[in-house]
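A.B. asks: In the working numbering, the protein residues as written are 1 to 438.
Just so you know, even glycine gets a beta-carbon here, dropped at the ideal spot from N, CA and C.
None of these values were measured; they are calculated from a predicted model.
Just dropping this structure here.
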């Protein structure tokens, strides 16, 4: 099957950042078979579905490098409490999270991301097998990691039980065309050194990613300094936990030596500016990371931490906070920020040969951002329009693996009201328990 998208301003996000202001994209099955200017449109179009983009901006599908999609029920719960993690999140997860709730939360969260032009995400949560089923049914691209932590959880009965869960979860989903299984220790300070090393062994054995919250908390820094005389990054390096499959989330508190270690071990970083600043934790040294050639992508964190799963919000917050932090209006031009949301994220997840740019032979993960709404006129610079003017409601059409998931701003294969109602019905016990803790 072939689909032609025409009359669009194509931002390829390839290595040369080529643009086609009057461009087209030709999809064949799950791949991009051709991209270029309308004047070079292939002649043979028989049997091809034609979509007129009406001057929309065509960009690669955006990539959310860190989230917890099972946590939609937590959104807006206790947002301003100082110790939200231990007052609400950990106990409610233990008492109320089920495979069914995680599944329905996952479907709803993936719908939210698709509507916002996010075609790929990396997840860390519990019941990842249920999350994988939700992802498969929704048809998104994802890397999914089962959480490992040093106490019994909602889906395990022993400390570090996520390791056993992962031993069955990872082989089940290996070689799936859209889903890559992973292992996800919660953090260096919430796991024993032995458990962290075992997680690395699983990552190596199956050649799958490993992801972890790293250098996110002040008390995490204090614990490692007081206990080992090291930073969390130095500690992870000392036990052999850092590898080229390691995706470190947050990395707010980094020393020069930490950055050097991340570079030496070819670690990638998921930067969650919205969640980091909402929780008053700080602004990560992204400019320094990028200058050292360390791959960085944007992440939303969970819907409880950042309240949204879209990357338009993250791009705007990224620009505002980093420019202010660096006292430099010219820091991070808009094209570089769009790159973080697309090819940058692809490099973080090791998917740069499949997605992240609009090039012949790559997977057809494509987003059309309409330019007819009141906030999208005029456009002197399409990159600036995406970063500073656009929002998720401007996403018009989304293709994942060649399939049209969003059509004219609506889910094309699912009903949002049905997804919401299903989630609402499974939240009854959770909601009651949550209200008791307020």
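I need the DSSP call for residue 81, collapsed to helix, strand or coil.
C.D. replies: The answer is coil: DSSP assigns residue 81 none of H, G, I, E or B.
A.B. asks: Mapping DSSP to helix, strand and coil, what is residue 279?
C.D. replies: coil
A.B. asks: How about residue 233 and residue 191: are their beta carbons less than 8 Å apart?
C.D. replies: no
A.B. asks: For residue 293, which residues from the same chain have a beta carbon less than 7 Å from its beta carbon, with the 5 sequence-adjacent residues on both sides left out?
C.D. replies: 263
A.B. asks: So, under 8 Å CB-CB, residue 87 and residue 437 are touching, yes? Tell me the CB distance rounded to an integer number of Å.
C.D. replies: 7 Å
A.B. asks: Compute every distance between the C-beta of residue 226 and the non-hydrogen atoms of the ligand ATP, then say whether any falls below 7 Å.
C.D. replies: By its list of ligands, the structure shown contains no ligand whatsoever, and the ligand ATP lies outside what it can speak to.
A.B. asks: Just verifying my parser: in three-state terms, what is the DSSP assignment at residue 18?
C.D. replies: If DSSP states are grouped into helix, strand and coil, residue 18 belongs with coil.
A.B. asks: Going residue by residue through the region 220-263, where are the continuous beta strand (DSSP E) segments of at least 3 residues, counting only ones entirely within it?
C.D. replies: Runs of the beta strand (DSSP E) inside the region 220-263: 246-250.
A.B. asks: Out of 226, 189, 207, which one is the CA nearest neighbour of residue 236?
C.D. replies: 189
A.B. asks: With 16 other CB atoms within 10 Å as the buried threshold, where does residue 95 fall?
C.D. replies: exposed
A.B. asks: Does the count of Cβ pairs from the region 268-280 and the region 292-311 closer than 8 Å reach three?
C.D. replies: yes
A.B. asks: Could you work out which residue in 336, 330, 78 is closest to residue 297 when comparing CA atoms only?
C.D. replies: 336
A.B. asks: Could you tell me the distance, in whole angstroms, from the CA atom of residue 368 to the CA atom of residue 5?
C.D. replies: 9 Å
A.B. asks: Rounded to a whole number of angstroms, what is the C-alpha to C-alpha distance between residue 285 and residue 254?
C.D. replies: Answer to the nearest angstrom: the Cα atoms are 7 Å apart.
A.B. asks: Take the Cβ of residue 205 as the centre, count every other Cβ of all protein chains shown within 10 Å, and call the residue buried at 16 or more, exposed below.
C.D. replies: exposed
A.B. asks: Where residue 47 and residue 395 are concerned, what is the direct C-alpha to C-alpha distance, given to the nearest angstrom?
C.D. replies: 27 Å
A.B. asks: Less than 8 Å between the C-beta atoms of residue 326 and residue 287, yes or no?
C.D. replies: yes
A.B. asks: Which word fits residue 418, buried or exposed, when buried means at least 16 other C-beta atoms lie within 10 angstroms of its C-beta?
C.D. replies: Taking a 10 Å sphere around the C-beta of residue 418, we find fewer than 16 other C-beta atoms and assign the residue as exposed.
A.B. asks: Bridge partners of residue 363, per DSSP?
C.D. replies: Listed as beta-bridge partners of residue 363 by DSSP are 31.
A.B. asks: I'd like the list of long-range same chain contacts for residue 345, defined as Cβ closer than 6 Å, with 5 residues on each side in sequence excluded.
C.D. replies: 63, 65, 297
A.B. asks: Ignoring anything shorter than 3 residues or poking outside the region 172-196, list the beta strand (DSSP E) runs there in chain order.
C.D. replies: 179-185
A.B. asks: Give the single residue among 177, 7, 388, 225 whose Cα lies nearest to the Cα of residue 334.
C.D. replies: Comparing Cα-Cα distances from residue 334 to each of 177, 7, 388, 225, the minimum goes to 388.
A.B. asks: Report the residue from 301, 426, 230, 56 whose alpha carbon sits nearest the alpha carbon of residue 121.
C.D. replies: 301
A.B. asks: By the three-class DSSP mapping on this structure, what secondary structure does residue 444 have?
C.D. replies: Only positions 1 to 438 of the chain appear in the structure, and residue 444 is not among them; the question remains open.
A.B. asks: Could you give the distance in angstroms between the alpha-carbon of residue 239 and the alpha-carbon of residue 193?
C.D. replies: 7 Å
A.B. asks: Given this structure, state the Cα-to-Cα distance separating residue 422 from residue 61, to the nearest angstrom.
C.D. replies: Their Cα atoms are separated by approximately 27 Å.
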